[in-house]
């Protein structure tokens, strides 16, 4: 299976929690916090829930509590994805 | 010395603390904007038709007043789209319109000086149904966390206050009279010293879940001709039709409005609310007392009321009771009675808020919109129904009536 990328995550963010018109998700947002991107904790929960369903990973609330940026989210998902075949 | 709330609000005070309406935002089945709606009711243009939001074929009631389709992303912020039901989206749109109409720059005001209280009777049912379907068919991990608030009665007050950064007092009033009760409560906020309080109500429940809940009332019309289904005060009354929408009203301290040069539509002059006796009692329903309380609160005698916006249940015994209450207070055929909601259906808590907006528009434009489709009024009601087109007249004082299950609310609005 391919790596989970930031572009994949941005797609999930838009689908699960919508997008703030005043904040672009297309630039280098890897280290920008979700809060600064307009996503509160409930929004991140929605995004994690979508990722769990679509990718078969487990993203429990306790773990997600420490995830503040898209890069951290992407890394956490990739840790759980099976290695590329 | 103690005074009741009504005495305190009774208009003997100076300008400060008196509440006027300075902004109106309508969203209705026959108008996506206030202007569209007003033009529609003046011309008797109906928004009633066969339900399109879902297939009504298997249900006994097939007609409703649906707000026209719109591009949600053109009106609702992207982050709010996944977390809002139609009822909240319509409320966001109506609030933007009301604030714009009032010419208020809310962001420039101290945020704790702006209150908000809205009416709501069903919450976000379509959203609830969709998420509950996911729960049953796909499992709990498919249910949106946003359901936690998107379904709730208070969601419109919450989302509107967050969207506009309002940190003053807030609340929600439930039930079908909520749209009127919220305006009265906003008036209390103003009497307590707030310069601005958002009020009004939007409701929407046009989904199968909402439909089967509402069908249990047994009061919806099963007639399939949109021009013959909802006929309040008519011999052919067969029940009511349901619709979605309502109005958001910007309530403002009269002095605050004057100092910033705003042009009020009218003043919230009086209000009364009563309960009905328990079902089966032979005591009189509470509507007449609600009317009398509102008139007394306003200091307006019945002879000075220029129009009554009726609750207009469309159910024969409820229409008789309303007609009896109106004639008991005003006398037979002594005041014009109208029901523009014959063009929209009953909008639950949104209905009385829209009626209040319509009454204020009548004052501004000097014309009473008609009720439509009624051709054979019950003569014994002894009402002067506004039937054959709009009636041009000065409207100095209007009475708006609303009923819910066992609840009665009445409001007197007066021209500025």
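Chains as they are written, first to last, in the numbering used here: chain A, 6 to 90; chain B, -12 to 403.
Ideal placement from N, C-alpha and C gives every residue a C-beta, glycine not left out.
Between the alpha carbons of residue i and residue j, how many angstroms are there, rounded?
{"i": "residue 63/A", "j": "residue 306/B", "result": "59 angstroms"}
{"i": "residue -7/B", "j": "residue 366/B", "result": "Caution is warranted here: a pLDDT of 49 is assigned to residue -7/B, below 50, making its placement in the model unreliable, and the coordinate value is therefore given only provisionally. Computed Cα separation, rounded: 36 angstroms."}
{"i": "residue -2/B", "j": "residue 7/B", "result": "Its pLDDT being 48, under 50, residue -2/B is placed unreliably by the model, and the measurement read from it follows with that caveat. Each residue's alpha carbon lies about 12 angstroms from the other."}
{"i": "residue 89/A", "j": "residue 118/B", "result": "Its pLDDT being 49, under 50, residue 89/A is placed unreliably in this model, and the coordinates cannot settle the point."}
{"i": "residue 213/B", "j": "residue 205/B", "result": "18 angstroms"}
{"i": "residue 291/B", "j": "residue 282/B", "result": "10 angstroms"}
{"i": "residue 46/A", "j": "residue 149/B", "result": "16 angstroms"}
{"i": "residue 76/A", "j": "residue 135/B", "result": "28 angstroms"}
{"i": "residue 11/A", "j": "residue 41/A", "result": "16 angstroms"}
{"i": "residue 179/B", "j": "residue 246/B", "result": "19 angstroms"}
{"i": "residue -11/B", "j": "residue 279/B", "result": "Caution applies to residue -11/B, whose pLDDT of 47 falls short of 50 and renders its modelled position unreliable; the model cannot decide the point."}
{"i": "residue 8/A", "j": "residue 84/A", "result": "10 angstroms"}
{"i": "residue 397/B", "j": "residue 223/B", "result": "26 angstroms"}
{"i": "residue -5/B", "j": "residue 175/B", "result": "With a pLDDT of only 49 at residue -5/B, under the threshold of 50, the placement of this residue in the model should not be trusted, and no figure is reported."}
{"i": "residue 201/B", "j": "residue 207/B", "result": "8 angstroms"}
{"i": "residue 80/A", "j": "residue 171/B", "result": "54 angstroms"}
{"i": "residue 44/B", "j": "residue 177/B", "result": "48 angstroms"}
{"i": "residue 27/B", "j": "residue 269/B", "result": "41 angstroms"}
Under 7 angstroms, do residue i and residue j count as touching if we go by C-beta distance?
{"i": "residue 354/B", "j": "residue 377/B", "result": "yes"}
{"i": "residue 122/B", "j": "residue 130/B", "result": "yes"}
{"i": "residue 164/B", "j": "residue 394/B", "result": "yes"}
{"i": "residue 302/B", "j": "residue 399/B", "result": "no"}
{"i": "residue 317/B", "j": "residue 357/B", "result": "no"}
{"i": "residue 195/B", "j": "residue 41/B", "result": "yes"}
{"i": "residue 167/B", "j": "residue 346/B", "result": "no"}
{"i": "residue 285/B", "j": "residue 257/B", "result": "yes"}
{"i": "residue 157/B", "j": "residue 80/B", "result": "no"}
{"i": "residue 107/B", "j": "residue 59/B", "result": "no"}
{"i": "residue 77/B", "j": "residue 237/B", "result": "no"}
{"i": "residue 70/A", "j": "residue 51/A", "result": "no"}
{"i": "residue 137/B", "j": "residue 114/B", "result": "yes"}
{"i": "residue 127/B", "j": "residue 330/B", "result": "no"}
{"i": "residue 235/B", "j": "residue 82/B", "result": "yes"}
{"i": "residue 241/B", "j": "residue 37/B", "result": "no"}
{"i": "residue 47/B", "j": "residue 209/B", "result": "yes"}
{"i": "residue 391/B", "j": "residue 162/B", "result": "yes"}
{"i": "residue 88/B", "j": "residue 11/B", "result": "yes"}
{"i": "residue 99/B", "j": "residue 154/B", "result": "yes"}
{"i": "residue 105/B", "j": "residue 169/B", "result": "yes"}
{"i": "residue 308/B", "j": "residue 272/B", "result": "yes"}
{"i": "residue 334/B", "j": "residue 267/B", "result": "no"}
{"i": "residue 364/B", "j": "residue 221/B", "result": "yes"}
{"i": "residue 31/B", "j": "residue 359/B", "result": "yes"}
Have a look at the DSSP bridge pairing and note the partners of residue i.
{"i": "residue 349/B", "result": "Answer by DSSP bridge pairing: none, since residue 349/B is not bridged."}
{"i": "residue 398/B", "result": "258/B, 387/B"}
{"i": "residue 183/B", "result": "101/B, 239/B"}
{"i": "residue 13/B", "result": "234/B"}
{"i": "residue 354/B", "result": "379/B"}
{"i": "residue 37/B", "result": "50/B"}
{"i": "residue 190/B", "result": "232/B"}
{"i": "residue 157/B", "result": "103/B"}
{"i": "residue 6/B", "result": "240/B"}
{"i": "residue 333/B", "result": "229/B"}
{"i": "residue 296/B", "result": "325/B, 387/B"}
{"i": "residue 18/B", "result": "15/B"}
{"i": "residue 364/B", "result": "221/B"}
Under the criterion of a Cβ to heavy atom distance below 6 angstroms, does residue i qualify as lining the ligand MN?
{"i": "residue 23/B", "result": "What this structure holds is no ligand at all, so the ligand MN is not there to describe."}
Under the assumption that residue i contacts residue j (Cβ atoms under 8 angstroms), give the Cβ distance between them as a whole number of angstroms.
{"i": "residue 152/B", "j": "residue 85/B", "result": "Actually they are not in contact, since the Cβ atoms of residue 152/B and residue 85/B sit about 16 angstroms apart, beyond 8 angstroms."}
{"i": "residue 24/A", "j": "residue 66/B", "result": "7 angstroms"}
{"i": "residue 320/B", "j": "residue 370/B", "result": "7 angstroms"}
{"i": "residue 20/A", "j": "residue 60/A", "result": "Residue 20/A to residue 60/A, Cβ: 13 angstroms. No contact."}
{"i": "residue 403/B", "j": "residue 248/B", "result": "About 13 angstroms; that fails the 8 angstroms criterion."}
{"i": "residue 219/B", "j": "residue 326/B", "result": "6 angstroms"}
{"i": "residue 332/B", "j": "residue 51/B", "result": "6 angstroms"}
{"i": "residue 304/B", "j": "residue 380/B", "result": "With a Cβ gap of about 31 angstroms, residue 304/B and residue 380/B do not count as contacting."}
{"i": "residue 14/A", "j": "residue 78/A", "result": "6 angstroms"}
Are there three or more Cβ pairs, one per stretch, closer than 8 angstroms when the stretch 5 to 18 of chain B is compared with the stretch 41 to 55 of chain B? yes
Stretch-stretch touch, CB-based, cutoff 8 angstroms, three pairs: the stretch 346 to 353 of chain B with the stretch 261 to 270 of chain B: no
Please confirm if the stretch 178 to 185 of chain B is in contact with the stretch 224 to 231 of chain B, defined as three or more CB-CB distances below 8 angstroms between the two stretches. no
With three or more beta-carbon pairs closer than 8 angstroms as the criterion, would you say the stretch 379 to 388 of chain B touches the stretch 329 to 348 of chain B? Taking a contact to require three or more Cβ pairs closer than 8 angstroms, the stretch 379 to 388 of chain B and the stretch 329 to 348 of chain B qualify as touching.
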